[in-house]
Amino acid sequence: MSEGTVKVLEEEMSAVAHAEMGGVLQAAPGLLPGEIDSHPTPFKYVMIFLILVVVTAIEIATSYLEGSVTSGVIVGLLLFFAIIKFALVASYFMHLKTDQPIFRRFFVLGICAAVVLYSIVLTTLHVF
Amino acid sequence: MATIEQTGTEVAEAPPASPAPAHGHDDHGGHGSSAMLTNTKLAMWLFLASDCLFFGAFISAYLLYRGRPQTGPTPKELFDIPFTSATSFILLMSSLAMVLALAAIQRGDHRRFRLWTLATALFGATFIAGQIYEFTHFYREGLKINTNLFGSTFYVLTGFHGAHVALGILWLLSLWGMSMQGRLGTEKSESVEIAGLYWHFVDVVWIVIFTVIYLMPQPGK
Chain F
1 MSEGTVKVLE EEMSAVAHAE MGGVLQAAPG LLPGEIDSHP TPFKYVMIFL
51 ILVVVTAIEI ATSYLEGSVT SGVIVGLLLF FAIIKFALVA SYFMHLKTDQ
101 PIFRRFFVLG ICAAVVLYSI VLTTLHVF
Chain C
129 MATIEQTGTE VAEAPPASPA PAHGHDDHGG HGSSAMLTNT KLAMWLFLAS
179 DCLFFGAFIS AYLLYRGRPQ TGPTPKELFD IPFTSATSFI LLMSSLAMVL
229 ALAAIQRGDH RRFRLWTLAT ALFGATFIAG QIYEFTHFYR EGLKINTNLF
279 GSTFYVLTGF HGAHVALGIL WLLSLWGMSM QGRLGTEKSE SVEIAGLYWH
329 FVDVVWIVIF TVIYLMPQPG K
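These protein sequence lines are chains F and C, in that order. For the first sequence, our numbering assigns the number 1 to the initial residue and increments by one for each residue that follows. For the second sequence, our numbering assigns the number 129 to the initial residue and increments by one for each residue that follows.
This is the structure in structure tokens:
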């Protein structure tokens, strides 16, 4: 392969990486490295916090329904609320929503690996 | 369409590529990378991904042994849900304080940054104090780490989580100290962001622990 061809290939790979990374090779004005959008405002952070508090309160109230509601329903609801809180903290407090997609991919990869691996283990050991 | 003569493959003409920033220290205090993703931030996310597997192992161990016949105190006898709810709320508040600290340093308000960082550390310390009280109470009720399966899995899981919180508090206090000495400028706000990522992860893990360990109905109830 000639030098010119190698150079063309390198430029094209750089362009692909450029597009893959959300088209950012240099941080736009006002943004930090790794950001594709500006972080939420303090007001928004407080709003997210209040939502988290309300969801936590609903979770706790749900746990007290034991005895009057089937366990399976309670478990389902609790998991649902936990996922909502998890997603809110990860998206807004950890800035996954406003940062480069690669961070989200790495984190989701870790979560999926953990869930799949331990689901297999627990299923094999007849927990479910 | 540009063609590569040798392979005969047609490819779209690449847009004029901007010169990639050189590797090395960028203005934000971390080592740069070719797409303006700092390696330190990427490394923290990779660490957090691995920590998911770490905590997943202990949560799975708890779920595996949950509800098995055993001697000694059981969760139903020991758990004080209102108390643990209060400590969970405190940890949530610490997460809010952390993002407000980051927002403060990003806009150059170092006084507020120190205030919120100290608040985050204080909330975290209060949470740890709550955990210590809980552990002490459980111990007095007869639950040691080697009493039964519940004791082993509970103490190991929540103990490791507490250790993570304690390390986070030390990290935050070091950032606070650096700011007091004028060594943490706005250009180094990414250092605060990375500490924040770690702190929020610890909070997220507690969200899972609180739900799975404390709130979920115990089998056989």
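Ideal Cβ placement from N, Cα and C applies to all residues, glycine included.
Would you report the Cα separation of A291/C and T202/C, rounded to the nearest angstrom?
24 angstroms
Answer yes if the region 268 to 283 of chain C comes into contact with the region 173 to 183 of chain C, meaning at least three C-beta pairs across the two stretches below 8 angstroms, and no otherwise.
no
If we cut at 9 angstroms on Cβ distances, does K85/F have a partner in chain C?
By this cut-off, K85/F is an interface position.
Using the rule of at least 16 other Cβ atoms within 10 Å of the residue's Cβ for burial, across every protein chain shown, is I126/F buried or exposed?
It is worth fixing the name first, because residue 126/F is His in this sequence and not Ile. So H126/F counts as exposed.
For the region 227 to 240 of chain C, which residues have a CB atom closer than 9 angstroms to at least one CB atom of chain F, in sequence order?
V227, L228, L230, A231, A232 and Q234
From what residue to what residue does the alpha helix (DSSP H) around S188/C run?
N167 to Y193
Ignoring anything shorter than 4 residues, give me the alpha helix (DSSP H) runs that lie fully in the region 241 to 329 of chain C, in order along the chain.
277 to 308
Could you tell me the boundaries of the alpha helix (DSSP H) in which F80/F lies?
S71 to L88
For F255/C and chain F, any beta-carbon pair shorter than 9 angstroms?
Under the Cβ criterion of 9 angstroms, F255/C is not counted among the residues facing chain F.
Closer than 8 angstroms at the beta carbon, the chain F residues around L191/C:
L122 and V127
Burial state of R242/C, where buried means 16 or more other Cβ atoms lie within 10 Å
buried
Measure the alpha-carbon distance for A257/C versus S223/C and round it to whole angstroms.
17 angstroms
Hey, could you find the ends of the alpha helix (DSSP H) V54/F is sitting in?
P42 to S63
Within the chosen definition, does the region 50 to 58 of chain F reach the region 96 to 110 of chain F through at least 3 CB pairs nearer than 8 angstroms?
no
Counting pairs of Cβ atoms below 8 angstroms between the region 69 to 86 of chain F and the region 332 to 344 of chain C, do you hit three or more?
yes
Round the Cβ separation of L78/F and L343/C to the nearest angstrom and send it over; I've been treating them as touching at under 8 angstroms.
5 angstroms
Distance, Cα to Cα, G195/C vs L295/C?
32 angstroms
I believe T121/C touches I322/C by the beta-carbon criterion, under 8 angstroms. Please report the beta-carbon distance rounded to the nearest angstrom.
Here chain C comprises residues numbered 129 to 349, so residue 121/C is not present and cannot be evaluated.
Going straight from the alpha carbon of P333/C to that of Y92/F, what length do you get?
Correcting the residue type first, residue 333/C is Val in the shown sequence and not Pro. Approximately 16 angstroms between the Cα atoms of the pair.
Apply the 10 Å Cβ neighbour rule to E262/C and answer buried if 16 or more other Cβ atoms are within range, or exposed otherwise.
buried
Three-state secondary structure (DSSP) of D99/F:
Reduced to three states, the DSSP call for D99/F is strand.
Roughly how many angstroms separate the alpha carbons of I233/C and S319/C, rounded to a whole number?
10 angstroms
Between the region 103 to 118 of chain F and chain C, which residues of the former have CB atoms less than 8 angstroms from a CB of the latter, in chain order?
F103, F106, F107, L109, G110, I111, A113, A114, V115, L117 and Y118
Closer than 9 angstroms by beta-carbon distance: list the chain C residues that pair up with V46/F, in chain order.
L224 and L228
Cβ separation of M221/C and F186/C, assumed to be a contact under 8 angstroms, to the nearest whole Å
That belief does not hold up - the Cβ atoms of M221/C and F186/C are roughly 25 angstroms apart, past 8 angstroms.
What residues from the region 280 to 299 of chain C come within 9 angstroms of chain F, judged by C-beta to C-beta, listed N to C?
Listed by position, the residues of the region 280 to 299 of chain C near chain F (Cβ gap below 9 angstroms) amount to none.
Would you grab the beta carbon distance between T314/C and Y190/C for me? Rounded to a whole angstrom, and I think it's under 8 angstroms.
T314/C to Y190/C, Cβ: 43 angstroms. No contact.
Chain-ordered residues of the region 36 to 62 of chain F with a beta carbon less than 9 angstroms from chain C:
If the cut-off is 9 angstroms between Cβ atoms, the region 36 to 62 of chain F has H39, P40, T41, P42, Y45, V46, I48, F49, L52, V53, T56, A57, E59, I60 and T62 near chain C.
Taking its Cβ as the centre, do 16 or more other Cβ atoms sit within 10 Å of V116/F, making it buried, or is it exposed?
exposed
Cβ of E321/C within 9 angstroms of any chain F Cβ
yes
Residues of chain C with CB under 8 angstroms from V75/F, in chain order?
Those within 8 angstroms of V75/F in chain C are M344 and P345.
Rounding to the nearest angstrom, what Cα-Cα distance links L285/C and A231/C in this structure?
32 angstroms
In or out: T166/C buried (at least 16 other Cβ within 10 Å) or exposed?
buried
With a CB to CB cut of under 7 angstroms and the five nearest residues on each side skipped, what residues in its chain are close to A253/C?
I297
Take W327/C and list the residues in its own chain whose beta-carbon comes closer than 6 angstroms to its own, dropping the five residues that flank it on each side.
M226 and G296
C-beta atoms of I114/C and S63/F nearer than 9 angstroms:
With chain C covering only 129 through 349, there is no way to say anything about residue 114/C.
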